[in-house]
Each structure stands twice: as C-alpha cells, then as structure tokens.
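First residue of the sequence shown? That's 277 in our numbering, and the numbers climb one at a time after it.
Every residue, glycine too, gets a C-beta built ideally from N, C-alpha and C.
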Amino acid sequence: MKKKLCLFMCLVLIATAFASVTFARDEICSYCNARVKFYDTSDTYLLRVYSTLCLYDDKRMDIIRVWAKDYLYRCSNPECGIENFSETKIVNQERVCDHS
Numbered sequence: 277m278k279k280k281l282c283l284f285m286c287l288v289l290i291a292t293a294f295a296s297v298t299f300a301r302d303e304i305c306s307y308c309n310a311r312v313k314f315y316d317t318s319d320t321y322l323l324r325v326y327s328t329l330c331l332y333d334d335k336r337m338d339i340i341r342v343w344a345k346d347y348l349y350r351c352s353n354p355e356c357g358i359e360n361f362s363e364t365k366i367v368n369q370e371r372v373c374d375h376s
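Right under this line is the structure:
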C-alpha cells in the first residue's frame, strides 16, 4: 500500500511540474518590467515541406507537410507597448504518399 501511495505521489509531482513548465508563460518586458501577456493566435499555415523515405517502398519518397500556428504576446503595460514576440507551435504533420 505504501509503495502504491508513493508511486501515486511521484506521478502527481511529475505531472504538476510538467504542467507548470508547459502552460506557464512568465516573460517580463525588458523596457518596463511588466508581464508579457498572450493576445492573439494566427491562422494555421504551412510551415515546412520536406521529403522522407516511403514507409512501404525504400526506393520512393513521401512528402511531409508541417502545419503551425503563431501565438502572439506583448507587454501588458499599455504605456510601454514596445515589446512584442511570437512563439510558433506545430499543430499537425501529414505524410503524403501518392503511391501504393
């Protein structure tokens, strides 16, 4: 029973640490020391296209399309408003295999 409880607590701590790193955005504006906040998201766009070996035939190539979105942040102080930045995140990858 103690081992199960210990394992459960370890998993909770790992999940909490992962969530805080993944979802926390704690950037500071370098001009006025205000927090940077999220304000917009771009439409999904084609970020990159490349080719790789086909899964079914080693002599052919598949095309990989990588789709992404930009998440836009800016200084939360309206009087400052100088510092803006974006973060690109991949939202989808598709493999195009037009041969059998």
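If you draw a 10 Å sphere on the C-beta of residue 372, you find fewer than 16 other C-beta atoms in it, and that means exposed.
Membership of residue 348 in the beta strand (DSSP E) is indicated by the continuous run 337-351. Take residue 338, set aside five residues on each side of it, and the residues of its chain with a beta-carbon closer than 8 Å to its own are 327, 328, 329, 330, 331, 371, 372, 373, in chain order.
Minimum Cα-Cα distance from residue 325 among the listed residues 345, 340, 304, 352 corresponds to 340. A distance below 7 Å between beta-carbons, with the five flanking residues on each side excluded, links residue 365 to the following residues of its chain, in chain order: 344, 345, 347.
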